[in-house]
Each structure stands twice: as C-alpha cells, then as structure tokens.
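Input: a single structure, listed below in structure tokens.
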Amino acid sequence: MIIKNNQSLKAYNTFGIDVNAKLFMSWNSVQDVVDFTANSELNSHNRLILGGGSNMLLTKDFDGLVIKNSILGREIVSEDETEVHVKIGGGEVWHEVVIWSIDQGWNGMENMSLIPGCVGAAPIQNIGAYGKELKDIFVSLEAVNVETGELQVFDLEECAFGYRESIFKNVYKDQFVIVSLTIRLTKKGCFNTSYGSISAELEKAGVKELSAKAISDAVITIRQSKLPDPNKLGNSGSFFKNPIIPEALYEEVQFEHPGLPAYPAQEGFMKVPAGWLIDQAGWKGKRVGKCGVHTKQALVLVNYGGATGQEIFQLSERIIADVIQKYGIELEREVNVF
Ligand code: EPU
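If you want my numbering, it's the 1-based position in the sequence shown plus 755.
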C-alpha cells in the first residue's frame, strides 16, 4: 500500500476544488480493504472514501486519510436465455459499464447513461435518472465492514433504498466500503421511455425500433444539453434534492404559483422540482464570483474556475434561504459536504 502525503484532491472531485488530503491511498482489491481494516495505525485516521468524487463538495483540507476505491472487475455470475447477473467492481466508472453492457446486448442500464461517478458509490444514494433507479436492476452488493474487516452481502431489502437514499447514507454511514455490485440485466426488450423528454428525443432522432443503444443515445443527448461536462465546468450534478412536501403545502404554493410542476410521492406528499423553484426565484444563470447557478439547469451549481468549496457552500446557503422565504419550502443538499 502506497501512502502519499499532502495530496491535492483537485483531480479527484468533479467540482475541481483544490484542497489537500493529509494522507492519500488507493484500494485496488478487496484484500487491500481487508488489510486496511486490520492495520490499527491506518484505521485510526479520520477517513474519507472516494469513488468518482462526483457527489461531494470539499470545503476545507482533509485532516486525515483519503482513500480512492480503484477496485475493478466485470464478471458474469449467472445467465440464462433472458437474463444475466453481472458483478462489477466498486471502482469501475459507472458510465463505462453502461456502454459496455449495451455493447454486450444487455438492457437495463441505458436510462442511467452518463451519470457521473463510480459503481461503488451508486448504491449509497440509489442513483437514478429518466425513469430508472439503481434499485430497479439491483441484485446484491458486497461491502467490507471497516471496523471488523468482514465481507458482508446485502440484498435489495437490506439496502433500504429510497429516493436518493439507502441504509449506507444513514444507519451504516461510513461503516462499509462497497467493493462490488451485482445487477440484473435483460437480453430482451423491456424498455422504459415513460419519461417525457426521452420519447420526445427518440422521435426527434427518428428512432423506429427501440433499443438500449437508442435510449442511451437519447439520454446522453438530453443530459449533454442540460448538464455541464465536469471536465469543462466543475460541478456535482444535482446539488439539491427535489423536495417532498406535504400536499397541503403543495396546494398553498401551487395557488400562488400555478405553473409549479409536481409528481405524486408517498401518500399525502408531493415531489416538486428544486430546479423549478430555484429558476423561478431568479437564480438560474446567476454568477457569484467564481461560482454560480448553471445557465441551463438551475439544480446544478458550477465552478467557473478557482472557486473554493466555501464559496459554493455560501451560494447554496443563499439559495436555500431565498427558496424558504419565497415558497416556504426547505431545500436539502444532495451532495455531501466535507
Ligand atoms: N426545471 C425548471 N428550471 C430548471 C430546471 C428544471 O423549471 O432550471 C423544471 C423542468 O421544467 C421540469 C422539472 O423542473 O418540469 C424537472 O426537471 P428535469 O426533468 O430536468 O429533472 P430534475 O428534477 O431537475 C432529476 C434528477 C437528475 C436526473 C433528472 C432526469 C434529482 C435531484 N435530480 O432532475 O439527476 O438526471 O431528474 O431524470 O432528482 C443528479 O442526480 O446529479 C441528476 C442530474
């Protein structure tokens, strides 16, 4: 295990925030994780485990050990005429796996094309887009308990997935390292194009016969038209969650703002788009110093270059305060702040 001192994290977070980690190392295998847990000196540090660094805002130097999950691997664990179960290493890049699965002729990941980040991070917030969530194709995952070094398998129920939620975000926060994910992919159709903009995009592209590739291409086109490429403009995708509010509050806000879109959530609640609230509050495209709100999607905060995590955090505080004041709705950050 190679441990580096004072490593810049700029290349390891998609916001491109330049802070340092006191100590830095990578895990390349499950054994590396197990060895780590058995090493009391290493295990005593404050630690931060990184996947693709695509869902975090770093606001200060990290006074501890940052670990990059670089565990690779793609393996068929079972297969029949209709389905295949594939086990993927936690350090694999999500979108590369999506493209690979489509090349193999397998369906199921296409709606989640171009989501930034690593496979091991996907279950933590049950990533999703365009009508599909990870939980829809999830079979199980393997995770190492960082205290005991034990390798544990979690099935669908044990992960307690919800909207951008799982047990690894609350009850088991920082207790497990996800080393592999097993997903179920199909060999025949079964596509989901219910999300309005996908069907519109497929029609625009003149697609006659549905395929995972056609849907993936449509999703990529939509995402690229709205979401900034982190290699060109630092960002972390959706910065806020879409708030789920009581029906009574929804009706109140809707009375004053008849254009407010909403989707039914659990009984008695509605989900409203944070992007709409922020946009209508006048923040879309607003620049504050070196950071700002993306011009094409108000849910995304961007680093125009050289912004600090503190500056982006302050901007998000101002947006939250303004949205409360205008609509009485409290936005919650989707990104993790360190
Ligand atoms: N809207 C605005 N102005 C904006 C942005 C959105 O008025 O600036 C309105 C849209 O017109 C639409 C509604 O808000 O009526 C929803 O917008 P959109 O369909 O673009 O989706 P979203 O709710 O903003 C969510 C996910 C995205 C995911 C898309 C597509 C969350 C927090 N975000 O965004 O996930 O790609 O749906 O499924 O749930 C991510 O997590 O990083 C991410 C990009």
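Positions of the beta carbon are idealized from the N, C-alpha and C atoms, including for glycine.
Asked: Inter-stretch contact (C-beta, 8 Å, three-pair minimum) for the stretch 920 to 927 and the stretch 876 to 891; Found: yes
Asked: Where the beta strand (DSSP E) containing S763 begins and where it ends; Found: K759 to S763
Asked: Three-state secondary structure assigned by DSSP to N1058; Found: strand
Asked: As assigned by DSSP and simplified to three states, the class of A1036; Found: coil
Asked: Proximity winner among L1004, G1060 and Q1035, relative to G1083 (alpha-carbon distances); Found: L1004
Asked: L803, DSSP secondary structure in three states; Found: strand
Asked: Any chain C beta carbon closer than 8 Å to Q1035; Found: The structure shown contains no chain C; it is built from a single protein chain.
Asked: D1034 beta carbon near the ligand EPU (any heavy atom closer than 7 Å); Found: yes
Asked: Classification of A955 by the beta-carbon crowding that lies within 10 angstroms, buried from 16 upward; Found: exposed
Asked: Spatial distance of L803 from V1048 (CA atoms); Found: 27 Å
Asked: Among L797, F893 and T769, nearest to S935 - alpha-carbon criterion; Found: F893
Asked: Inter-residue spacing [alpha-carbon to alpha-carbon] between R919 and L911; Found: 15 Å
Asked: D818 - DSSP class collapsed to helix/strand/coil; Found: strand
Asked: Straight-line Cα distance separating G860 from E838; Found: 11 Å
Asked: Distance cut-off 7 Å: K1041 Cβ against heavy atoms of the ligand EPU; Found: no
Asked: Reduced DSSP secondary structure (H/G/I, E/B, other) of E1022; Found: coil
Asked: Beta-carbon spacing of L826, W855 below 8 Å; Found: The residue asked about is misnamed: residue 826 is Ile in this sequence, not Leu. It is not a contact, given that the beta carbons lie outside the stated cut-off.
Asked: Neighbour-count burial assignment, V1055, 16 or more Cβ in a 10 Å radius; Found: buried
Asked: F1068 to I1079 span [Cα, whole Å]; Found: 17 Å
Asked: Rounded Cβ spacing between L869 and H850 (contact assumed at less than 8 Å); Found: 5 Å
Asked: Beta bridge counterpart(s) of I843 as assigned by DSSP; Found: R829 and L936
Asked: DSSP state of S954 mapped onto helix, strand, coil; Found: helix
Asked: Nearest neighbour of M780, chosen from V962, T769, N798 and V1057 [CA to CA]; Found: N798
Asked: Coil, strand or helix - A877 by DSSP; Found: coil
Asked: Spatial distance of N801 from K777 (CA atoms); Found: 10 Å
Asked: Y1082: CB within 7 Å of a non-hydrogen atom of the ligand EPU; Found: no
Asked: Inter-residue Cα distance where the pair is L940 and D858; Found: 13 Å
Asked: Near the ligand EPU: Q1129 beta-carbon under 7 Å from a heavy atom; Found: Not covered by the structure: residue 1129. The range shown for the chain is 756 to 1093.
Asked: Within the stretch 940 to 1007, ranges of the beta strand (DSSP E) (whole runs, at least 3 residues); Found: 999 to 1001
Asked: Residue from K959, Y1059 and V1092 with nearest C-alpha to S1071; Found: V1092
Asked: Among L805, T769, F1010 and M756, nearest to V789 - alpha-carbon criterion; Found: M756
Asked: Per-residue DSSP class, three states only, for V848; Found: strand
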